[in-house]
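Each remark here refers to the structure printed beneath this line.
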RNA sequence: GGGGCUAUAGCUCAGUUGGUUAGAGUGCUUGCUUGACAUGCAAGAGGUCACUGGUUCGAGCCCAGUUAGCCCCACCA
């Protein structure tokens, strides 16, 4: 054990800044973040959800990282081989959009640069923000193994992507085909179904007449998108719709285009909606696309990728779609084919990146066949191989997976993994390969060109748990750490990411990617709104760290919220966290200030009541913390440590220890010092995963063994001793002290004025209490203590309280306010009466007596006895005062 | 149209297998230059645990329904 006293006792306020920087650097240089620490032990691995290199980290990342770092530090302290793998995501569409924005400010478009130069700019962007993100993670205190850091677009991850693509391709699980996809005309790319956000939009339903070809009148269709009618290839009604029973099979003339199209019957139609007749535009509506496949209808694309009408739109060609809509409705009015317009609110798909309305288009794209993959993904969660915490997210996941459709993975972007497929210009052959083939295997031509599209960014993040560990190479890292232990992320990306990782892991590795998924909520602003750029209500974690310290931020983020629930970010809460850390700091200052003469083993220990009490409480608190950590109840764990530290250690034990420290003999002083060190050291260990910086700073200054608190043992309570009887007695003494303080406060006894206290109880109990007489004198401001056996005559003019068989009198001649004391007593008596009423009801209930466990009944009886005695005792005193 | 979450002190929230006199932080009241800390100490006020039923000896907690708010999914044009 060494003891170096460095703490500046003048610093009554803890200043986190320099201390946090100092320790992060120290830990990193000492190699404590390495996955080689505890190398021979059971591995514990977390792969960090890679933040996007689009920008800096927000409060959600701070929460995510705080949780992961807590888990990692905790397991490391338990002796596990803890490995937290950091990394970042290239975030295809998002980053490309940012780079394009930056170019636009220079008056340039990506086409001005060309693919290669554009990618250079994108890499510059990546380097810039990567450095920033790294800085932020270090400021948070993240103990990740930086030497193993990865990026989704690095060489290894790129190889993994190609390998996995081929794996699925060979099984026919990746295919190319012309299907209806979601097109964002702003981003100029497809997006997958989950990247489409549906918002309700107030719009109109136009009722339009399509004349029958045989001249027998017209059918009225209702549409929200008149401009698409130029691409109609049928009108559909429901089989059972009597209104149209004799019309099915006829043809109608599509107005404006003068095209003859059939009237068909399809169960998709809702007879209740509109007129029951729906126009079918297979090229611009997913449902119509399905109808067309069932009825073998042609596809006519009338809206192009630029959002303008195509040449197939006849005279409307080249026009913006919305302008076309307006003019087309006008034309229908002129033609006498407009029946009317009604208001309608309906869901419209928008791009999740830019908010542009999504245009469904038919286009040749690459898809992943999801059904067979999803089945395995569902089974793994259903049979418990992968466990969701909290468990309610299991249902969310399964129901989504059960309804999954094929995943469009090709993107018309430049920033990302190029699709590993080449086309032969000579024979049209499609060649999927890991590396660029020299010649066409079919015709030997060397006129090969690679597919120009890149893959959906989530295609590569889906491989993250194994691509980062070195796959497809058979690395030791992969052997040691796959499957990973737990994945920590927000519920908002369960579908985007968690589901994809499960599916990909099972498909490629034949093994789940992780055992557990720990889901947290999102951080909202003080009013409960989502933090967003557009609202400008985001709170920068860095600002908070600079103002309050990373420890405060971490503590605040994981307390006061239960797992999986959202949290409001309120400044008062981070202030409260800061105050707690300051409290810990000051309790440590107090301890250190009293250790100048401390020498381990100098004397024998003589544990007092207070010592035995705090050690017992420490054992309980430690056990509580340890159990809650195991259950992922981090907030509860933190709260237990907080309560113990502040309420029991600081408010009581430190006060109880002062007398021995200031006036005790060397042995007494030594014992108090030893217990202070022991309890404080234990507190620091319990809190270290949560608030690593301040705990390390203090620990290093206390007598300690080992190089760093990071590598110290995390206590679980089993190593601590307990003294239940002494602890119980101290609890009684505390109650007596509180009662006496209450009386003093109510009677407004000036602080400096000491008063006598008379205690009346059974002799055996009195003897016990007398053992804590010093505590009473000190903390209840007692001048003289008098112990009288039960039945003795109490002092005449006194205030009284009654606590667990002990009558407490404060003779306050001159100070006592009879009226106040009467009121106080009456209030106490009322409480007793209410409790007794409740207890009596229970105890006279025969079924309660018959069915409740004996223990519960005994407890209630004991309470009844106590309250009866208390009531009697107080009533007697009340009478005396009258 | 499905599914989920939330409703507990003025405010923000805990309350983990049903048994505590229902808790914390913050705010409020009162008193404190207490030899670690005013980012603090002590004492206090403040709750029909949304509502209605049910299960149970016993419900803030379990079940059903109602109301209010939030979120996710979804192809009614």
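Residue numbers (the numbering used here): 80 to 961. Quick reminder that beta carbons are idealized off the backbone N, C-alpha and C, glycines included.
| query | On the three-pair Cβ rule with 8 Å, is the stretch 793 to 808 touching the stretch 172 to 183? | reply | Touching, no.
| query | Are residue 604 and residue 616 touching if we call contact CB-CB under 8 Å? | reply | yes
| task | Output yes or no for whether 8 Å exceeds the beta carbon distance between residue 330 and residue 340. | result | yes
| task | Determine the extent of the alpha helix (DSSP H) in which residue 124 is found, giving its start and end residues. | result | Run containing residue 124: none in the alpha helix (DSSP H); it sits in the beta strand (DSSP E), 122 to 126.
| request: Give the secondary structure of residue 131 by DSSP, where H, G and I count as helix, E and B as strand, and everything else as coil. | output: strand
| field | Inter-residue Cα distance where the pair is residue 450 and residue 781 | value | For the pair residue 450 and residue 781, the Cα-to-Cα distance works out to about 60 Å.
| task | Taking all protein chains shown into account, decide if residue 323 is buried (16 or more other Cβ within 10 angstroms of its Cβ) or exposed. | result | Under the 10 Å beta carbon count, residue 323 is surrounded by 16 or more other beta carbons and is classified as buried.
| Reduced DSSP category for residue 953 - H, G, I as helix; E, B as strand; rest coil | helix
| task | Starting from residue 771, follow the alpha helix (DSSP H) in both directions and report where the run begins and ends. | result | 771 to 780
| Using a Cβ-Cβ cut-off of 7 Å (strictly less than) and excluding sequence neighbours within five positions of residue 142, which residues of its own chain qualify? | Exclusion of the five residues before and after residue 142 leaves 599, 602 and 636 as the residues of its chain whose Cβ lies within less than 7 Å of its Cβ.
| Taking the beta strand (DSSP E) that residue 584 falls in, what are its first and last residues? | Unbroken run through residue 584 is the alpha helix (DSSP H), 578 to 588; no beta strand (DSSP E).
| query | Should residue 80 go down as buried or exposed, given a rule of 16 or more other Cβ atoms within 10 Å for buried? | reply | Low per-residue confidence applies at residue 80: pLDDT is 42, beneath 50, and the placement is therefore not dependable, though the value from the model is reported in the following sentence. Of the other Cβ atoms in all chains shown, fewer than 16 fall within 10 Å of the Cβ of residue 80; this residue is therefore exposed.
| If you run the structure through DSSP and keep just helix, strand and coil, what is residue 878? | strand
| field | For residue 489, the residue or residues it bridges with in DSSP | value | 534
| said: Comparing C-alpha positions only, which one of 593, 506, 310 and 765 sits nearest to residue 791? | reply: 765
| field | Closest residue to residue 986 among 736, 960, 907 and 775 (Cα-Cα distance) | value | Past the boundaries of the shown model lies residue 986; the chain is included only from 80 to 961, so the question cannot be answered.
| Using the C-alpha atoms, what's the distance from residue 727 back to residue 879? | 26 Å
| message | Please state the DSSP three-state secondary structure of residue 888. | response | strand
| task | Please determine if the stretch 245 to 256 and the stretch 468 to 484 are in contact, where contact requires at least 3 C-beta pairs separated by less than 8 Å. | result | Note that the stretch 245 to 256 does not touch the stretch 468 to 484; fewer than 3 beta-carbon pairs, one per stretch, sit closer than 8 Å.
| request: Flag this pair as touching only if the stretch 882 to 902 and the stretch 826 to 840 have three or more C-beta atom pairs under 8 Å; answer yes or no. | output: yes
| query | Per DSSP, residue 510 forms a beta bridge with which residues? | reply | 501
| query | From the DSSP output, which residues share a beta bridge with residue 385? | reply | BP columns for residue 385 are empty, so no partner.
| query | Which residue spans inside the stretch 244 to 323 form an unbroken beta strand (DSSP E) run of at least 3? | reply | 253 to 263, 268 to 270, 275 to 290, 297 to 302 and 313 to 316
| Expected contact under 8 Å - CB spacing of residue 638 and residue 689 to nearest Å | That pair is no contact at about 28 Å.
| Is there contact here, the stretch 561 to 571 with the stretch 97 to 111, by at least three beta-carbon pairs under 8 Å? | No: fewer than three Cβ pairs fall under 8 Å.
| query | Taking the alpha-carbon positions, what's the residue 224 to residue 755 distance? | reply | 35 Å
| task | Name the residue from 762, 586, 736 and 211 whose alpha carbon lies nearest to the alpha carbon of residue 703. | result | 762
| message | So the candidates are 139, 189 and 168; which of them puts its Cα closest to the Cα of residue 493? | response | It is 189 whose Cα lies nearest to the Cα of residue 493.
| message | Going by DSSP in three states, residue 370 sits in which element: helix, strand or coil? | response | helix
| task | Count the other CB atoms, across all protein chains shown, that sit within 10 Å of the CB of residue 367; report buried if there are 16 or more and exposed otherwise. | result | Looking at its Cβ environment, which holds 16 or more other Cβ atoms inside 10 Å, residue 367 is buried.
| query | For residue 750, which residues from the same chain have a beta carbon less than 6 Å from its beta carbon, with the 5 sequence-adjacent residues on both sides left out? | reply | 684 and 685
| query | Using a Cβ-Cβ cut-off of 8 Å (strictly less than) and excluding sequence neighbours within five positions of residue 84, which residues of its own chain qualify? | reply | Model confidence at residue 84 stands at a pLDDT of 47, short of 50, so the residue's coordinates are unreliable; what they give is reported in the following sentence. Cβ neighbours of residue 84 within its own chain (closer than 8 Å, five residues either side excluded): 671, 674, 675 and 780.
| request: With a threshold of 16 other CB atoms inside 10 Å of the CB of residue 589, please say whether the residue is buried or exposed. | output: Exposed, since its Cβ has fewer than 16 Cβ neighbours within 10 Å.
| task | May I ask you to report which of helix, strand or coil DSSP gives residue 168? | result | strand
| Euclidean distance between Cα positions of residue 464 and residue 817 | 52 Å
| In whole angstroms, what is the alpha-carbon distance linking residue 226 and residue 800? | 42 Å
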